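In this note's numbering, the protein residues as written are 880 to 1388.
Using N, Cα and C, we set each Cβ at its ideal position, and we do this for glycine too.
Treat the numbers as computed from the prediction; the structure is a model and nothing was measured.
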Ligand code: ADP
């Protein structure tokens, strides 16, 4: 458990520091994060639309080229058909040349588009094929026009080359058209997959964004819920920056820190005002208690004055000593009260609870005498110490004691018992046999300003202030039992660890 008093003092000391640290981080608001998330989704949509557009364009170019390739193949197949007619029936070769020219025209017309689809090497090869075939047909046509001139072997060689080259040219063109068809198919298949790929990517990005945003929002919300819980338990330790960036939650943290600082301040004011009220309640008793030493001082001083010459030096000395001791007693009574009423910083120290309880009972000694009640203090010797602020805890015990005295009246009994409780805790029970608390009042007794006492006798702050103090010390204050035969309040405080225990805790034993 953390040092209770450091929790008590940290808020006023550390708030400014933490406020500065909270506000000085670079800003990355939730609005910006949401915008970034939606921008990422938009970019994904743009990328997919862009990809679809590029693919469609490419498909269009390929389809157009496929048309050209089919026409081209048709033209050269036609040329070959006329070539065969020439060989079979001796028809003229002009038709062959016309179809070759058409094929060349097709190639030239689609030059730019074909360059986008085909490698330069293939295009060049197609042109070379056409040129070579055209040249061979030209030569054959010339030979046919002068039938006597060429040697028959030469003509046969040209014819054989035309056949071989023609079939190679057609095979190449068919192969190209076939490849292009396969390419178109592949692009179409990819295009069909695009919506599925897009949906998958959208799902992944959306899940990521949703997760990211949920983490960004739920993390701080959970932390804020914890903080409100701890505020409800009276812990006003300021919120520290937990992340690198400042956002809308940082403003909430700053506002909560400011609220905690105010609450802490108000609690201090309440504690102090209630303390002064308790001092007021104690004054009648204190005045009564002061009366005794003052009476004694007056009597002794008068005796000294009247009998001075008749007294021996030893008697005089004894009387003066008596005066000094009575004045000392009066001083102690006043100092005790002042000590309790003083407004002071909360300081943590190791406290002996037994001693604290005895001192508190001493502070109310006359109140006890006046009430006519009997007090019983039951404190074992081996009680562990607690870490805390003596003045605050004394105020808690005094509140419980004064309430008990109010409840019992003359002849009543109040028992204050301390003992070690469940692991690491110490409990102090204040038990009375007074009139008890009516059941319909029980839920309200810890509320600030709730009182059933007459005006001027109760402020309704005793239990609420005491609860605040005890919780600041990491403990609790409970109404354990109440009936017409009396009530028992229990204060639970964490016991201070002895150095040996701290050491074994560290070793994990
Ligand atoms: P106050 O004592 O100024 O009224 P507290 O907060 O100390 O304020 O107590 C609130 C109310 O709880 C009291 O007015 C009283 O009705 C009830 N109460 C507290 N302690 C006791 C007790 N020991 N016996 C009976 N009633 C009690």
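Asked, Found
"Which residue or residues does DSSP assign as beta-bridge partners of residue 1255?", "1294"
"The beta strand (DSSP E) that contains residue 1266, what's its start and end?", "1265-1267"
"Bridge partners for residue 1374 per DSSP, in chain order?", "1265"
"Assess contact between the region 1111-1120 and the region 1136-1145, defined as three or more Cβ pairs (one per stretch) separated by less than 8 Å. Is contact present?", "yes"
"Going by beta-carbon coordinates alone, are residue 1070 and residue 996 separated by less than 8 Å?", "no"
"Ends of the beta strand (DSSP E) at residue 1363?", "From DSSP, residue 1363 is part of no beta strand (DSSP E); its letter is neither H nor E."
"Apart from the five residues just before and just after residue 1367, which ones in its own chain have a Cβ nearer than 6 Å to its Cβ?", "1308, 1310, 1359 and 1360"
"Suppose the cutoff is 6 Å on Cβ atoms and the five residues either side in sequence are ignored; what does the same chain contact list for residue 894 look like?", "1117, 1136 and 1140"
"Please state the DSSP three-state secondary structure of residue 1345.", "helix"
"Residue 1184: buried (16+ other C-beta within 10 angstroms of its C-beta) or exposed?", "exposed"
"Which term fits residue 1334, buried or exposed, when burial requires 16 or more other beta carbons within 10 angstroms of its beta carbon?", "exposed"
"Comparing C-alpha positions only, which one of 1256, 1250 and 1228 sits nearest to residue 1239?", "1256"
"Would you mind working out which of 1083, 1103 and 1300 sits nearest residue 1264, comparing C-alpha positions?", "1300"
"Tell me whether residue 1349, by its Cβ, gets closer than 7 Å to a heavy atom of the ligand ADP.", "no"
"Give the DSSP bridge partners of residue 1308, in chain order.", "1296 and 1369"
"Between the C-alpha atoms of residue 956 and residue 1046, what's the straight-line distance to the nearest angstrom?", "9 Å"
"Could you tell me whether any non-hydrogen atom of the ligand ADP is closer than 7 Å to the CB of residue 1240?", "no"
"Would you report the Cα separation of residue 972 and residue 1074, rounded to the nearest angstrom?", "54 Å"
"Can you tell me the Cα-Cα spacing of residue 1344 and residue 903, whole angstroms?", "36 Å"
"Buried or exposed for residue 1250, please, with buried defined as at least 16 other CB atoms from any protein chain shown within 10 angstroms of its CB.", "buried"
"Restricting to runs no shorter than 3 residues, where is the beta strand (DSSP E) found entirely within the region 994-1082?", "none"
"Any heavy atom of the ligand ADP closer than 7 Å to the CB of residue 1316?", "yes"
"Would you kindly report the start and end of the unbroken alpha helix (DSSP H) that includes residue 1237?", "1232-1242"
"Ignore the nearest five residues each way along the sequence and tell me which others in residue 1049's own chain have a CB closer than 8 Å to its CB.", "952, 955, 956 and 959"
"Do residue 1153 and residue 1372 count as a contact pair if the criterion is CB distance below 8 Å?", "no"
"In angstroms, rounded to a whole number, what distance separates the CA positions of residue 1369 and residue 1283?", "13 Å"
"Does the beta-carbon of residue 1282, which I'm using as the reference point, lie nearer than 7 Å to any heavy atom of the ligand ADP?", "yes"
"Once DSSP output is grouped into helix, strand and coil, what is the label at residue 1355?", "strand"
"Based on Cα-Cα distance, which residue from 1219, 1190 and 938 lies nearest to residue 1065?", "938"
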